[in-house]
Amino acid sequence: MQPVTEASNDITQNIDVASPKEIVQLLCSCDVEIFDGWHGYPNIHSNEIIHTIGEIATAGVEILKDPSNNIIVLSGCGTSGRLAFILCRSFNKLLREQGMQECYEYVIAGGDKALFTSQEAPEDDPEAGIQALKQVSQGKRKVLFIGITCGLSAPFVAGQLDYCMDNLDKFTPVLLGFNPLNLARDLPIENWNKTFLQVTKRLEDLCQKHSDKCFILNPIVGPEAIRGSSRMKGGSVTKILLETIFTISHHIRDDKNQSLHIMVQSLLSAYRHVYEMTYSYMDDIAVMIQWAAESLNNNGHVYYIGVDSLATIGIIDASECPPTYSSSLEDIRGFIYGGYTTYKNKEGDISHHVSNGEPFNISINNFQENLIDQLACNDTVLFLLTYQDVCNENDSVTQLTKSILQYTKHIGAIYFTEPHNPSGNTDESTVLSYFKHVAMVTLPWHRIQETISPVFPTLSGTKLYEELRHFVGFLCEISLKWILNAISTGSHIMKGKIYKNLMIDVKVSNNKLYHRAISIIQKFAGCSLEEARCALIKSIYKTDTLTAEQGSAAISKHIDMATTMNKVVPAALLIAVRQCSVHEAIQILNDVKVVSKAILMSK
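Reading the sequence shown from the start, the letters are residues 1 to 603 in the numbering used here.
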């Protein structure tokens, strides 16, 4: 049976031929499965899931009692690792504001470079995961470890979970993913003696024996809108669940009389309200998709410019486009006021430690010094702002906007108003007047307040808002994530990167993507597994006749060869469908440009 996270979503079968507004509507219909569930599986509102959320939140309280000696570690690969970074950044900030020591740590396969560009090969190394966990938890007495892998497939995380289970006196392991447990990946892992399924079964057994020491959290939220693109729905539900867990941990640290079930339900319902509000801005989102698509189709760029946490969402959305759509690192980029000082990643400014440092330059100063003079009418610039950002950066935003307008008219803002500040003040009106399009997003605060008031019966209005200001920030972030995911996804759809609802031009850069590529070829070419594998290897080595060495080489050797190559999978698909030469397949793709059209022409 195919894993749910790798399956095709029936809702979006024709998203590749949809208009911008239709794309948003389809994404909306797909994302509702986060809250409503899929095909009768447990969803985030199921009693068993709510119970597990409460149990993990309680485990978090124990860590927060002694942050000097204890630690909470969030770990993942790709999107999961980037979300681990965002969450640790947010909750460490909350601890600092409360005068407490930081105790959240993130681990991402490939290190901080993976926050900005694809570093997916380390996903396949369980020992690297173990060493990274040992390093970050060294000297700590208790560790709450949360391994995030949407498809229950990342060897990097499997190694960490296995190590935790060997050391339950110190570690409390949590597996977070969105496939049924029996569909965890059961393929051999190079240089290791277990599969992810075997690790999952071991953890499942331990959960039954030690219900307070091990946890598995796996609501099923259905296939992604774009098949296998776990940056979207998988990333959103990861953020929602972990923010809910640790918001509760911080609250019940001082107040243990609250009903955990009510708290979980209330916070999850607040996210549902924000989901509904976000997609009510379909027309605004569609405009920005159209702008971004025109930019990408005319060799232009899309730039996100933001402040603090909203900027981190923009930078991460941009970083996920190259591995997802085989796009250039320059196509979509994000920038943050204050650069790395504000970004607060562990390794700091890494632009000087890589061969091509430009994609790692994220400060507004870099944008102004190196890019603004190169802007053209084909470029799109989107500011990501809150009311407070405008108040703090009014002059800077205004001057930067004026400068950008000299080069392009595609300049807009996604602007989050605050419930308890008057709209239309001078600073706000002045800044927003320069943008050619503004999506002015207003959180449904009254509905949120009604939803969470049972959790805080003594607070209301402004006092309740101030108590939950950090949580309101999370709601703005998830709303922005949905909007930017729609913009970057929609624009790449309109560039021809999607066939039906499948990422056809996937990079073959790790074990997971190697097997996904073969599956794509087999499905759409209607050939055998071995024929699909041979077509892929021919495309990788650009040969019509495989040598014995090429045919029998380790998967890692194929990946090393293919990681930097473009259109490997489309070419392999054409080879399999038409039984043509590698040269002919490449020529068709060069002539037609749009991959989906090349595939249709070949049939």
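Ideal placement from N, C-alpha and C gives every residue a C-beta, glycine not left out.
Can you say whether ASP162 is buried or exposed, counting buried as having 16 or more other CB atoms within 10 angstroms of its CB? Numbered from 1 along the sequence shown, position 162 holds the residue referred to as residue 162. Classification for ASP162: buried.
Tell me, please, whether the region 107-115 touches the region 22-36 by the rule of three or more beta-carbon pairs shorter than 8 Å. no
Counting along the chain, where does the beta strand (DSSP E) carrying SER153 start and finish? Start at 1 with the first residue of the sequence shown, and residue 153 comes out as number 153. Per DSSP, SER153 lies in no beta strand (DSSP E) and is assigned neither H nor E.
Opening and closing residue of the beta strand (DSSP E) in which LYS142 lies: For the purposes of this step, residue 142 is taken as the residue at position 142 of the sequence shown. Where LYS142 is concerned, the enclosing beta strand (DSSP E) stretches over 142-148.
Just verifying my parser: in three-state terms, what is the DSSP assignment at TYR279? Against the sequence shown, residue 279 aligns to sequence position 279. Residue state, collapsed to three classes: helix.
Pairwise C-alpha distance: LEU175 and SER211: Reading the sequence shown from its first residue, position 211 is the one you call residue 211. Reading the sequence shown from its first residue, position 175 is the one you call residue 175. One C-alpha to the other measures close to 13 Å.
Can you name, in chain order, every residue of its own chain whose Cβ lies under 8 Å from the Cβ of THR408, other than the five neighbours on each side? On the sequence shown, position 408 is the one that residue 408 refers to. Same-chain partners within the cutoff: LEU375, ALA376, CYS377, ASN378, ASP379, THR380, VAL381.
Counting C-beta neighbours from all protein chains within 10 Å, is the total for VAL354 16 or more, i.e. buried, or is it exposed? Counting from one through the sequence shown, the residue named residue 354 turns up at place 354. Exposed, since its Cβ has fewer than 16 Cβ neighbours within 10 Å.
When DSSP labels each residue in this structure, what does PRO173 get in the three-state scheme? Mapped onto the sequence shown, residue 173 falls at position 173. Three-state result, PRO173: strand.
N- and C-terminal bounds of the alpha helix (DSSP H) containing HIS583: In the sequence shown, the residue the question calls residue 583 occupies position 583. It spans 582-592 - the alpha helix (DSSP H) in which HIS583 sits, taken as one unbroken run.
I'd like the span of the alpha helix (DSSP H) that includes PHE474, first residue to last. For the purposes of this step, residue 474 is taken as the residue at position 474 of the sequence shown. Unbroken alpha helix (DSSP H) run through PHE474: 469-494.
Name the DSSP bridge partner or partners of ASN70? As a working note, residue 70 is residue 70 in the sequence shown. DSSP output for ASN70 lists LYS142 as bridge partner(s).
I'd like to check one pair, HIS492 with TYR325: are the Cβ atoms closer than 7 Å? Your numbering for residue 325 matches position 325 in the sequence shown. Your numbering for residue 492 matches position 492 in the sequence shown. HIS492 sits close to TYR325, with the two beta carbons spaced by under 7 Å.
What residues in its chain sit with their C-beta under 6 Å from that of ALA292, if we drop five residues either side in the sequence? As a working mapping, residue 292 is identified with position 292 in the sequence shown. These residues qualify, in order along the chain: VAL302, THR380, ILE487, SER491.
Ranges of the alpha helix (DSSP H) found wholly within the region 532-579, counting only runs of at least 4: If we require 4 residues or more, the alpha helix (DSSP H) runs fully inside the region 532-579 come out as 548-552, 555-562, 568-578.
I'd like the list of long-range same chain contacts for PHE91, defined as Cβ closer than 7 Å, with 5 residues on each side in sequence excluded. Here residue 91 refers to the residue found at position 91 of the sequence shown. These residues qualify, in order along the chain: TYR104, PHE246.
State the DSSP-derived secondary structure class of GLU105, mapped to helix, strand or coil. The residue labelled residue 105 in the question sits at position 105 within the sequence shown. For GLU105, the three-state secondary structure derived from DSSP is strand.
Would you call LYS523 buried or exposed, if buried means 16 or more other Cβ atoms sit within 10 Å of its Cβ? Walking along the sequence shown from the start, residue 523 turns up at place 523. By the 10 Å Cβ count, LYS523 comes out exposed.
Within 7 Å, strictly: CB atoms of LEU546 and ILE537: As a first step, residue 546 must be located in the sequence shown, where it is residue number 546. As a first step, residue 537 must be located in the sequence shown, where it is residue number 537. Against a cut-off of 7 Å, the Cβ pair of ILE537 and LEU546 comes out as a contact.
Buried or exposed: where does LEU385 fall if 16 or more other Cβ atoms within 10 Å of its Cβ makes it buried? Position 385 of the sequence shown, counted from the first residue, corresponds to residue 385. With 16 or more Cβ atoms within 10 Å of its Cβ, LEU385 is classed as buried.
For VAL431, name the three-state secondary structure that DSSP assigns. One-based indexing of the sequence shown puts residue 431 at position 431. Residue state for VAL431 is assigned as helix, using DSSP reduced to three classes.
Report the CB separation of ASP10 from TYR499 in whole angstroms; it is logged as a contact under 8 Å. The residue labelled residue 10 in the question sits at position 10 within the sequence shown. The residue labelled residue 499 in the question sits at position 499 within the sequence shown. Not quite, the Cβ-Cβ distance comes to about 16 Å (not below 8 Å), so this is no contact.
Please report how far the alpha carbon of MET282 lies from the alpha carbon of VAL24, in whole angstroms. Stepping through the sequence shown from its first residue, residue 282 is reached at position 282. Stepping through the sequence shown from its first residue, residue 24 is reached at position 24. Spanning the two alpha carbons is a distance of roughly 6 Å.
Would the region 526-540 count as touching the region 560-576 if we require 3 or more Cβ pairs under 8 Å? yes
Beta carbon of ASP186 nearer than 7 Å to that of THR195: Walking along the sequence shown from the start, residue 186 turns up at place 186. Walking along the sequence shown from the start, residue 195 turns up at place 195. In this structure, THR195 lies closer than 7 Å to ASP186 by Cβ.
Determine the contact status of SER249 and GLY60, defining contact as a CB-CB distance below 7 Å. As a first step, residue 249 is located in the sequence shown; it is residue number 249 there, counting from the start. As a first step, residue 60 is located in the sequence shown; it is residue number 60 there, counting from the start. A contact, by the Cβ cut-off of 7 Å.
Option nearest GLU123 by Cα separation, candidates VAL107, SER137, GLN138: Indexing the sequence shown from 1 puts residue 123 at position 123. Of VAL107, SER137, GLN138, the residue nearest in Cα terms is VAL107.
Check ARG516 in the structure and name its three-state DSSP category. For the purposes of this step, residue 516 is taken as residue 516 along the sequence shown, with counting starting at 1. Correct three-state label for ARG516: helix.
Looking at the unbroken beta strand (DSSP E) that takes in ILE305, where does it start and where does it end? Your numbering for residue 305 matches position 305 in the sequence shown. Membership of ILE305 in the beta strand (DSSP E) is indicated by the continuous run 302-306.
Give me the DSSP bridge partner(s) of MET503. Indexing the sequence shown from 1 puts residue 503 at position 503. Looking at the DSSP assignment, MET503 forms a beta bridge with ILE498.
Is the Cβ-Cβ distance between SER519 and THR563 less than 7 Å? Locating residue 519 in the sequence shown gives position 519, counting from the first residue. Locating residue 563 in the sequence shown gives position 563, counting from the first residue. Contact: no.
Among CYS580, ILE362, GLU6, the one whose alpha carbon lies nearest that of THR544: In the sequence shown, the residue the question calls residue 544 occupies position 544. Strictly speaking, residue 544 in this sequence is Asp, with Thr absent from that position. Among CYS580, ILE362, GLU6, the Cα nearest to that of ASP544 is on CYS580.
Helix, strand or coil, according to DSSP, for SER327 in the structure here? Here residue 327 corresponds to residue number 327 of the sequence shown, with the count starting at 1. Of the three classes helix, strand and coil, the one that applies to SER327 here is coil, per DSSP.
On the three-state DSSP scale, how would you describe LEU375? For the purposes of this step, residue 375 is taken as residue 375 along the sequence shown, with counting starting at 1. Three-state result, LEU375: coil.
Residue range of the alpha helix (DSSP H) that GLY412 falls in? Counting from one through the sequence shown, the residue named residue 412 turns up at place 412. First-last for GLY412: 411-417, but that is the beta strand (DSSP E), not the alpha helix (DSSP H).
I need the straight-line Cα distance from LEU502 to ASP169, nearest angstrom please. On the sequence shown, residue 502 is found 502 positions in, with the first residue counted as 1. On the sequence shown, residue 169 is found 169 positions in, with the first residue counted as 1. Each residue's Cα considered, the two are about 44 Å apart.
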